[in-house]
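**Student:** Numbering (the UniProt record's numbering), first residue to last: 1 to 291.
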């Protein structure tokens, strides 16, 4: 790819998980920015980005990302970004940012994806005028369930294995459990269905417990926002009211970008990042599902 001069206000947002890299190019570093392009790539194929998906991409002025993979993956991503005159910034959780207070014992040790998703959830609630506690659920390789009070304080969260890890752990540690993936049943009557139902009910139960904990702690009914690549698999089985949001991490990255790059973007002539939250809309072109 021929590296051109960076666009005055564009932001390339990166969400690097345990198995895939998701990217989105926006016309400005702020919530509600216009989505110009987006894509996804498995980590084993990162080296194809520069000459593949990013070949015709307009050069971004800023690159902001969340990464949970190791330093080796980060280095591979940065190599693909060398064609542009933009140094990537990787989010490291802070004690406080974008209206969210980090209640972790060691704030910087919180997973960046968890932190960014909470900031995205907080932004989404404020944009809708909802001053309520919130449960943030991410369903992927691992599952995380976070609790935010109505003032944006992160009270704590839990981590548990995703479906795949649960099944592999049982198969490797228990004789006779190498069986095909089954279905979720109220009362499973075969091993395949028992394994699949057990993992699903474990995740749904964890969400229910955290929702109950937060409701008892705050005296308010929490909002539940769920995201992650496997969120749709859990949607039929959650026992609390929830909203399935595809781009919650990108919502968070846009919110963080507004606080870090907003002044420079306004100076460049981009639409200002208003002190009032932008009207809620999906950061990625997908529908939100509510129940």
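We treat Cβ as the ideally placed atom computed from N, Cα and C, and that holds for glycine.
How far does the beta strand (DSSP E) with residue 16 in it reach, from first residue to last?
**Tutor:** Segment 11–16, the beta strand (DSSP E) holding residue 16.
**Student:** Please say whether residue 199 and residue 192 have beta carbons closer to each other than 7 Å?
**Tutor:** Cβ distance not < 7 Å, so residue 192 and residue 199 don't count as in contact.
**Student:** So, residue 39 versus residue 62, is the Cβ gap smaller than 7 Å?
**Tutor:** No, these two residues do not count as a Cβ contact at 7 Å.
**Student:** List the whole-angstrom C-beta distance separating residue 158 from residue 86, where the pair is believed to meet the contact cut-off of C-beta under 8 Å.
**Tutor:** Residue 158 to residue 86, Cβ: 36 Å. No contact.
**Student:** Do residue 218 and residue 149 come within 7 Å of each other at the CB atom, strictly closer than that value?
**Tutor:** Cβ distance < 7 Å, so residue 149 and residue 218 count as in contact.
**Student:** Which same chain residues end up closer than 7 Å to residue 108 when comparing Cβ atoms and leaving out the 5 residues on each side of it in sequence?
**Tutor:** These residues qualify, in order along the chain: 92, 93.
**Student:** So residue 123 and residue 9 are in contact, right, with Cβ under 8 Å, and what is the actual spacing, rounded?
**Tutor:** About 19 Å; that fails the 8 Å criterion.
**Student:** Does the Cβ of residue 11 have 16 or more other Cβ atoms within 10 Å, making it buried, or fewer, making it exposed?
**Tutor:** It is buried - the Cβ of residue 11 has at least 16 other Cβ atoms within 10 Å.
**Student:** Let's see if you can read the secondary structure: which residues bound the beta strand (DSSP E) around residue 147?
**Tutor:** Run containing residue 147: 142–148, per the beta strand (DSSP E) assignment.
**Student:** Can you look up residue 81 in the DSSP assignment and give me helix, strand or coil?
**Tutor:** Note: residue 81 maps to helix in three-state DSSP.
**Student:** Go ahead and pull the three-state DSSP assignment for residue 160.
**Tutor:** DSSP places residue 160 in strand when its eight states are reduced to three.
**Student:** Compute the Euclidean distance between the alpha carbons of residue 105 and residue 60, then round it to the nearest angstrom.
**Tutor:** Roughly 35 Å between the two C-alpha positions.
**Student:** Keeping to the same chain, check which residues put their C-beta closer than 7 Å to that of residue 162; ignore five residues upstream and five downstream.
**Tutor:** Excluding sequence neighbours, residue 162 sits near 139, 140, 141, 142, 143, 230.
**Student:** Could I get the ranges of all uninterrupted alpha helix (DSSP H) runs contained in the region 199–245, with 4 residues as the minimum, in chain order?
**Tutor:** If we require 4 residues or more, the alpha helix (DSSP H) runs fully inside the region 199–245 come out as 231–234.
**Student:** By DSSP's criteria, residue 35 is part of a beta bridge. Which residues make up the other side?
**Tutor:** Paired residue(s): 26.
**Student:** In angstroms, rounded to a whole number, what distance separates the CA positions of residue 252 and residue 180?
**Tutor:** About 37 Å.
**Student:** Please report the distance separating the alpha-carbon of residue 151 from that of residue 220.
**Tutor:** The alpha-carbon atoms of residue 151 and residue 220 are separated by roughly 12 Å.
**Student:** At the level of alpha carbons, what is the spacing between residue 15 and residue 65?
**Tutor:** Each residue's alpha carbon lies about 6 Å from the other.
**Student:** Could you give the residue range of the alpha helix (DSSP H) that holds residue 135?
**Tutor:** Here residue 135 belongs to no alpha helix (DSSP H); instead the beta strand (DSSP E) covers 134–139.
**Student:** Do you know how far the Cα of residue 129 is from the Cα of residue 18?
**Tutor:** Rounded to whole angstroms, residue 18 to residue 129 spans 33 Å at the Cα level.
**Student:** What residues in its chain sit with their C-beta under 6 Å from that of residue 137, if we drop five residues either side in the sequence?
**Tutor:** Excluding residues within five positions, the ones whose Cβ falls inside 6 Å are 145, 207, 226.
**Student:** In the DSSP output, which residue or residues are listed as bridge partners for residue 21?
**Tutor:** 16, 41.
**Student:** Closest by CA to residue 134, which one among 195, 101, 236, 215?
**Tutor:** The residue with the shortest Cα to Cα distance from residue 134 is 215.
**Student:** Suppose you measure from the CA of residue 44 to the CA of residue 165; what does that come to, to the nearest Å?
**Tutor:** One C-alpha to the other measures close to 19 Å.
**Student:** Let me confirm a value: residue 56 is counted as buried when at least 16 other C-beta atoms fall within 10 Å, else exposed. Which label applies?
**Tutor:** Result: exposed.
**Student:** Please classify residue 173 as buried or exposed, where buried requires at least 16 neighbouring CB atoms within 10 angstroms.
**Tutor:** Residue 173 should be labelled exposed.
**Student:** Taking 7 Å as the threshold (C-beta atoms), are residue 250 and residue 29 in contact?
**Tutor:** No, the Cβ-Cβ distance between residue 29 and residue 250 is not below 7 Å.
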